[in-house]
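Keeping their order, the protein sequence lines are chains V and X. To convert a position in the first sequence, counted from 1, into my numbering, add 759. To convert a position in the second sequence, counted from 1, into my numbering, add 759. The C-beta atom is built at its ideal place from N, Cα and C for all residues, glycine as well. Each remark here refers to the structure printed beneath this line.
2 protein chains.
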Amino acid sequence: MQRHRTFTAEIRDHVGERVTITGWLHRLRAMGGVNFVILRDRTGTAQVVATEAEITPLHGLHTETVLAITGRVVETPQAPGGIEMVEPQFEIISPVHEATPFAIYKDRLRASMPVFLDHAVFGHRALERRAVLRLLSGVMGGFRETLNQKHFTEIQSPKLVESATESGANVFAADYFGRTAYLAQSPQFYKQIMVGVFERVYEVGPVFRAEPHATSRHLNQYVSLDVEFGFIRDHFDVMEMLIEVIKGIIEHLKTHYAPELNLLKAELPLLPDKVPHLYFPEAQQMLHDQFGVNDALGEPDLAPEHERILGKWARDNHNSDFVFVTGYPMVKRPFYTHPNPADPRYSNSFDLLFRGLELVTGGQRLHQYQDYLDAAARFRYPLEPFRYYFEAFKFGMPPHGGFAIGLERFVTQLLGLDNVRLAALFPRDMHRLAP
Amino acid sequence: MQRHRTFTAEIRDHVGERVTITGWLHRLRAMGGVNFVILRDRTGTAQVVATEAEITPLHGLHTETVLAITGRVVETPQAPGGIEMVEPQFEIISPVHEATPFAIYKDRLRASMPVFLDHAVFGHRALERRAVLRLLSGVMGGFRETLNQKHFTEIQSPKLVESATESGANVFAADYFGRTAYLAQSPQFYKQIMVGVFERVYEVGPVFRAEPHATSRHLNQYVSLDVEFGFIRDHFDVMEMLIEVIKGIIEHLKTHYAPELNLLKAELPLLPDKVPHLYFPEAQQMLHDQFGVNDALGEPDLAPEHERILGKWARDNHNSDFVFVTGYPMVKRPFYTHPNPADPRYSNSFDLLFRGLELVTGGQRLHQYQDYLDAAARFRYPLEPFRYYFEAFKFGMPPHGGFAIGLERFVTQLLGLDNVRLAALFPRDMHRLAP
Chain V
760 MQRHRTFTAE IRDHVGERVT ITGWLHRLRA MGGVNFVILR DRTGTAQVVA TEAEITPLHG
820 LHTETVLAIT GRVVETPQAP GGIEMVEPQF EIISPVHEAT PFAIYKDRLR ASMPVFLDHA
880 VFGHRALERR AVLRLLSGVM GGFRETLNQK HFTEIQSPKL VESATESGAN VFAADYFGRT
940 AYLAQSPQFY KQIMVGVFER VYEVGPVFRA EPHATSRHLN QYVSLDVEFG FIRDHFDVME
1000 MLIEVIKGII EHLKTHYAPE LNLLKAELPL LPDKVPHLYF PEAQQMLHDQ FGVNDALGEP
1060 DLAPEHERIL GKWARDNHNS DFVFVTGYPM VKRPFYTHPN PADPRYSNSF DLLFRGLELV
1120 TGGQRLHQYQ DYLDAAARFR YPLEPFRYYF EAFKFGMPPH GGFAIGLERF VTQLLGLDNV
1180 RLAALFPRDM HRLAP
Chain X
760 MQRHRTFTAE IRDHVGERVT ITGWLHRLRA MGGVNFVILR DRTGTAQVVA TEAEITPLHG
820 LHTETVLAIT GRVVETPQAP GGIEMVEPQF EIISPVHEAT PFAIYKDRLR ASMPVFLDHA
880 VFGHRALERR AVLRLLSGVM GGFRETLNQK HFTEIQSPKL VESATESGAN VFAADYFGRT
940 AYLAQSPQFY KQIMVGVFER VYEVGPVFRA EPHATSRHLN QYVSLDVEFG FIRDHFDVME
1000 MLIEVIKGII EHLKTHYAPE LNLLKAELPL LPDKVPHLYF PEAQQMLHDQ FGVNDALGEP
1060 DLAPEHERIL GKWARDNHNS DFVFVTGYPM VKRPFYTHPN PADPRYSNSF DLLFRGLELV
1120 TGGQRLHQYQ DYLDAAARFR YPLEPFRYYF EAFKFGMPPH GGFAIGLERF VTQLLGLDNV
1180 RLAALFPRDM HRLAP
């Protein structure tokens, strides 16, 4: 690699010069005695035209061979982007001697999802796959950038814990030097605790859910974008912060990830200044009265179909791809949820639906120590395993709240993918632990 | 929380005005009929002077009570910083009815380490503890900022894996829907694979080591700052990148974390333009010849005491708190390590010592598929469990390398702490799974 490397995206600045590009053999096509070599690097692709004699070093090699190509840059109207390279010399860096399991240069990957996932190690090199995964990076970056500007401090909390936080079910157990540890289902208690230290905290990290479902919406490990902050009035302060974070993420993507958004033909979400919100019983009433839904009233939760209807309602009536449902019944929310002071059957919590799918759950939490003791008793939640954590409340916590965004779900909805596995780096489900 | 909140760091801009500050009762002192109330918020502390009558609302309450104080800001030469508040009105937000396990307003925490760690949920509120944990955030931020500028892409890889990557021992096992999953000891294979996709990648995330040791230098879960990139010549390109990353982190801390560095009296590291490096056998020879070390020659690794000597040597002779040792014997390095082409007993790998302690391990990796097959056979490393991963090499990988920095260890050495547990948010060791 001694020579100077020119990136494929830069060659148009070097017309008439000989330059060296380096990367993967993306595609090789022979057409009437002329060979078209497409080389891929991290900035894009470039077309190189080679005669039969020039192409000799590639004989017997397959796509994905890593190579350096030195050639002269010329303007050619019929070439992709009007630029190509001619008179190439090839240097093989890493030869590939076997055909790839499927072609990745096609406009749309032809592999079935299971086949693709088995070979994702290679398949992620496809330009559209790479762009999807780049957006995961972009969402994380925009999330952090927005919160850093608002004086939040980043934490990384333990993933091995002595006691399962949310519920005993759906938690993975591990052997920890002869005793049982659990994989954290969320950083919930840690982020609350750290509000007592920094006032405003966030975490980007893995969470683990041992849910024995195989749906297109769930992963058994995913990346959670967690936020928690203190000195709020109620959950509406949390909702306001959440919208600012989502705006920040979208701005970050527009600024830094335009090539990926264009390649994927992503439709950026409609996010009006005022995102609509519906109080839970009001949402149920509307589903019943306006949309003829018979199974909504009186239920403690919304079904996925109800969420889809509310998503469409928000888009049609408020020009918004987002809609809040607030005040979910306390019986369906974790014990640390703050009740609505005006009607304690309902909670100061919310879901944010994005294009008809729950993307974010959040709310105000209890903050008084006595309220924790009372709630734990009411929910028959054992106190002893959490004695360490409850010290945060015993020793003074301000009113606080927060939320968690599912990273892969965000990108799934942003791009209109039909399975969350396609927005995961290497998804984990009931049947898949590799690659 | 309806009123406007002024932060303690801002009150000096409001001399003569009545403002409201909000936070925790950090300390309360009665001196000769006058009461000094110290309130802590995320920006610092402020002193409030209260008469016996004014202080009545605080009767019976303990430190860490959350409260709002409205008072007039005055300049007082003998007050801390020359500013205090008088004529206060107190509003209790969350009362504390019990004394805290130890005082956190003292200059130096008096609690023993086990007692401190048991109560870290509260103890982290101490100003110096908070500053240490803020630096963890700062190191992560500087790491990402530097790499983003160099066109790296962030990944978050699976933490539950089918097969242990580095060795069968020292790995935590978990039950995964009836079969065994392992907690990833490092994102090694994933970051290498993703070089095939993005060319340059990094990850900040938890790693899990089931090492049954209880030392002051090891944690069973820690945050690893991982980097991997392609199209390198050899490990010296990786070392150069590492130094740029460390420079970037230190600049980031100086720019954004000066208050924390000052509070902790941190001595920023000596980092000359040219960080010294020693080839492994050369380092052993020097230890023997110059420092009279008898047990170094012929050993395949350096002992902690050897590292301390080399650290001192670099400081005394090169004005550097960092020193590279390159070329560790292949027998002590993982099977994917690239050998030194000129002498295959030694590797194209390195350690970076920071103030005499190994902070970073890195190097060039094998990149040819056949080399992986040969190395796996030589190391008796089973291929079948890794068939998915090895597709990365079968289908073309460029010469590449990378490194991993231990986040907590970096902050430990930066601050001269005597135990890595004191640089962890909530440390995990053989005996500690909570809080």
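> Taking buried to mean at least 16 other C-beta atoms within 10 Å of its own C-beta, is residue 844 of chain V buried or exposed?
Replying inline: By the neighbour-count definition (other C-beta atoms within 10 Å, threshold 16), residue 844 of chain V is a buried residue.
>> Please list, in chain order, the chain X residues whose beta carbon lies closer than 8 Å to that of residue 877 of chain V.
In response: 1147
>> Could you check if residue 835 of chain V belongs to the surroundings of the ligand MG, using beta carbon to heavy atom distance under 7 Å?
In response: No copy of the ligand MG appears in this structure; indeed no ligand is present at all.
> By the criterion of Cβ-Cβ separation under 8 Å, what are the contact partners of residue 934 of chain X in chain V?
Replying inline: 931, 932 and 933
> Is it true that the CB of residue 1059 of chain V sits closer than 8 Å to the CB of residue 1088 of chain V?
Replying inline: yes
>> When you compare the CB of residue 956 of chain X with every CB in chain V, is at least one pair closer than 8 Å?
In response: By this cut-off, residue 956 of chain X is an interface position.
> Taking residue 834 of chain V as the reference, which of V:793, V:772 and V:813 has the closest Cα?
Replying inline: Nearest of V:793, V:772 and V:813 to residue 834 of chain V, Cα basis: V:772.
>> On the CB-based measure, 16 or more other CB atoms within 10 Å of its CB, does residue 1211 of chain X come out buried or exposed?
In response: Because chain X in this structure spans residues 760 to 1194, residue 1211 of chain X falls outside the shown range and cannot be described.
> Using 8 Å as the limit for Cβ to Cβ distance, is residue 1092 of chain X near chain V?
Replying inline: Cβ-Cβ to chain V under 8 Å: no for residue 1092 of chain X.
> Is it true that the stretch 885–897 of chain X meets the stretch 1015–1031 of chain X, where meeting means three or more beta-carbon pairs spaced less than 8 Å apart?
Replying inline: A contact exists between the stretch 885–897 of chain X and the stretch 1015–1031 of chain X.
>> Rounded to the nearest angstrom, what separates residue 948 of chain X and residue 793 of chain V at their Cα positions?
In response: Take the alpha-carbon of residue 948 of chain X and the one of residue 793 of chain V: they are about 39 Å apart.
> How big is the Cα-Cα spacing for residue 918 of chain X and residue 966 of chain V?
Replying inline: 9 Å
> Quick one: is residue 1032 of chain V buried, meaning 16 or more other Cβ sit within 10 Å of its Cβ, or exposed?
Replying inline: exposed
>> Could you check whether residue 796 of chain V and residue 821 of chain V sit closer than 8 Å to each other, using their CB atoms as the reference points?
In response: no
> Got a sec: is the Cβ-Cβ distance from residue 899 of chain V to anything in chain X below 8 Å?
Replying inline: yes
>> Let me check one thing: in DSSP terms, what residues is residue 1043 of chain X bridge-paired to?
In response: DSSP, once it has assigned bridges, lists no residue as partnering residue 1043 of chain X.
>> Counting only Cβ-Cβ distances shorter than 8 Å, please list the residues of the stretch 905–927 of chain X near chain V, keeping chain order.
In response: 907, 910, 912, 913, 914, 915, 916, 917, 918, 919, 920, 921 and 922
> What is the rounded straight-line gap between the Cα of residue 777 of chain V and the Cα of residue 832 of chain V?
Replying inline: 6 Å
> Assuming residue 1029 of chain V and residue 1080 of chain V make a contact with CB atoms under 8 Å, what is their CB distance in whole Å?
Replying inline: About 5 Å; that satisfies the 8 Å criterion.
> Whose CA, out of V:1050, V:1086, V:1175 and V:906, lies closest to the CA of residue 1072 of chain V?
Replying inline: The candidate whose alpha carbon is nearest that of residue 1072 of chain V is V:1050.
>> I'd like to know if residue 1013 of chain X contacts chain V, where contact means its C-beta is closer than 8 Å to some C-beta of that chain.
In response: So no, residue 1013 of chain X is outside the interface.
> Who are the neighbours of residue 1184 of chain X on chain V, taking C-beta pairs under 7 Å?
Replying inline: 914, 915 and 916
> Where in the stretch 889–968 of chain V do unbroken runs of the beta strand (DSSP E), each at least 3 residues long, occur, reported from the N-terminal end onward?
Replying inline: Within the stretch 889–968 of chain V, the runs of beta strand (DSSP E) at least 3 residues long that lie entirely inside it are, in chain order, 932–935, 938–942 and 959–967.
> So with Cβ pairs under 8 Å, would you call residue 1127 of chain V a contact of chain X?
Replying inline: yes
>> Distance cutoff 8 Å, beta carbons only. Does residue 1068 of chain V sit that close to anything in chain X?
In response: no
> Can you tell me whether residue 790 of chain V is buried or exposed, with buried defined as 16 or more other CB within 10 angstroms of its CB?
Replying inline: exposed
>> Is it buried or exposed, residue 960 of chain V, if we count other Cβ atoms within 10 angstroms and call 16 or more buried?
In response: A buried status is given to residue 960 of chain V, since no fewer than 16 other beta-carbon atoms sit within 10 Å of its beta-carbon.
>> Does the CB of residue 760 of chain V have a neighbour CB from chain X at under 8 Å?
In response: With a pLDDT of only 45 at residue 760 of chain V, under the threshold of 50, the placement of this residue in the model should not be trusted; the figure read from the coordinates follows. Cβ-Cβ to chain X under 8 Å: yes for residue 760 of chain V.
> For residue 936 of chain X, does the count of other Cβ atoms within 10 angstroms reach 16, so buried, or fall short, so exposed?
Replying inline: exposed
>> Which residue wins for smallest C-alpha separation from residue 964 of chain X, given the options X:1057, X:942 and X:1138?
In response: X:942
>> Beta carbons nearer than 9 Å to chain V: which residues of the stretch 839–857 of chain X have them?
In response: Within the stretch 839–857 of chain X, the residues whose Cβ lies closer than 9 Å to any Cβ of chain V are, in chain order, 852, 853, 854, 855, 856 and 857.
> Applying a beta-carbon distance threshold of less than 8 Å, which residues of chain V neighbour residue 817 of chain X?
Replying inline: The premise fails here: residue 817 of chain X is roughly 13 Å from chain V at the closest Cβ pair, so nothing lies under 8 Å.
>> Looking at the strands, I want to know which residues DSSP matches up with residue 1000 of chain V.
In response: Answer by DSSP bridge pairing: none, since residue 1000 of chain V is not bridged.
>> Which runs of the beta strand (DSSP E) at least 3 residues long sit entirely within the stretch 766–795 of chain V? Give them in chain order.
In response: 777–790
> From the beta carbon of residue 1108 of chain V, is the nearest beta carbon of chain X less than 8 Å away?
Replying inline: Using a Cβ-Cβ cut-off of 8 Å, residue 1108 of chain V does not count as an interface residue toward chain X, since no Cβ of chain X sits closer than that to its own.
> chain V beta carbons: is any one of them nearer than 8 Å to that of residue 807 of chain X?
Replying inline: no
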